[in-house]
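Written below as C-alpha cells is the structure these notes are about.
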Amino acid sequence: MKKNLLITFIAFVLGILSAIWGIKSCNKDKQSEDSRVIAYQINKMNKMVVAEQSLSEIYTHTSKKGIPGLESLYSADKKVTLLVNAKVQASYDLSKMEVELDSIGKKIVIKSIPPVDLKVFPDVDFFDMDQSVFNKFEKNDLNEIKKKSIAQVEKKIDREKLKSEAHQQLIQNLSDIYKIASIYGWQIEDKTIYATELKDLLY
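Okay, structure coming up:
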C-alpha cells in the first residue's frame with residue numbers, strides 16, 4: 009500500500025515538473041518565434057529612404073577676345089549655352105541602422121541611425137555653341153564652364169526642404185518599429201536623437 013502511494017506521489021510530482029517544463033518550453037518557443045517575426049519585419053524596413061528634387065537650368069557663357077588697343081573696332085566672340093538637368097536626393101540608408109533584439113527581456117534596442125546623405129546627380133548637355141576662328145573653346149575651357157553650370161544649379165537646391173521631406177519618411181519608417189513592438193508586447197529602447205520625437209508622435 010505504501011509502495012503504491014509512493015509511486016503515485018512520484019508520478020504526481022513528475023507530472024507537475026513535466027507540465028512546468030512544457031509551459032517554459034512553450035514560452036521559449038513563443039519568444040523565439042516572436043523574435044524571428046520581429047527581426048523579419050524590421051529587416052523589411054532596411055531600405056533606402058529617399059526624397060528627391062529635379063532641377064533644370066540653362067547656363068550661358070560668353071567670352072570676348074580683341075586686338076589690344078583695337079577692341080572697339082574688332083573682337084572675336086565665343087558663346088556656349090548649356091542645358092543642365094539635375095536630380096537631387098536626400099537619403100537615409102536604413103540597411104546601416106543598428107537594431108538589437110533582446111528576446112528574453114522582450115525589448116527592441118535602436119542603437120543608431122545613419123545620418124542624412126545629400127547627393128546631386130547632374131546631366132549636362134551643350135545646347136548651342138558659337139565661336140570664332142581666332143577665339144575657340146578648348147577642352148579645358150568647356151570642362152570649367154561645365155563645372156560652373158553645375159555649381160549654378162546647386163545654388164538653387166532647397167536643401168532644407170529636401171532634408172525635411174526625407175526626415176518625415178524616416179520618422180514614418182521608425183514609427184513602424186514602435187508599432188511592431190506594441191503588437192507583440194515588446195518594449196522599445198531608443199538611443200537615437202529621434203526618440204523624443206517618436207514618443208511625442210505615438211504616445
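Note that the numbering used here has the sequence shown beginning at 9, numbered continuously upward.
From the three backbone atoms N, C-alpha and C, an ideal C-beta is built for every residue, glycine too.
Fair warning: this is a prediction, and the values are worked out from it, not measured in the lab.
Helix, strand or coil at residue i according to DSSP, with G and I counted as helix
i, result
"K144", "coil"
"N35", "In this predicted model, N35 has a pLDDT of only 47, less than 50, meaning its place in the structure is not dependable; the value taken from the coordinates is given anyway. Note: N35 maps to helix in three-state DSSP."
"D166", "coil"
"I112", "coil"
"L210", "helix"
Neighbourhood of residue i by C-beta, 8 Å cutoff - its chain only, sequence neighbours within 5 removed
i, result
"E197", "K115, I116, V117 and I118"
"S62", "N93, A94, K95 and V96"
In DSSP terms, what residue i is bridged to
i, result
"L91", "I66 and D133"
"V58", "S99"
"S71", "K86"
"S120", "E106"
"E197", "V117"
"K127", "Q97"
Contacting residues, own chain, Cβ-Cβ under 7 Å from residue i (five flanking each side not counted)
i, result
"Q49", "I188"
For residue j and residue i, believed in contact at Cβ under 8 Å, the rounded distance
i, j, result
"K144", "K86", "7 Å"
"N93", "S64", "5 Å"
"V128", "Y100", "Their Cβ separation, rounded to whole angstroms, is 17 Å, which puts V128 and Y100 out of contact at 8 Å."
"V58", "A174", "7 Å"
"Q139", "Y67", "Wrong, their Cβ atoms sit about 17 Å apart, outside the cutoff."
Beta-carbon contacts of residue i that lie in its chain and below 6 Å, excluding the five residues immediately before and after
i, result
"D8", "No information on residue 8 is available, as it lies outside the stretch 9 to 211 that the chain covers here."
"S71", "K86"
Does the count of Cβ pairs from the region 105–113 and the region 124–139 closer than 8 Å reach three?
-> Counting Cβ pairs under 8 Å, fewer than three are found: no touch.
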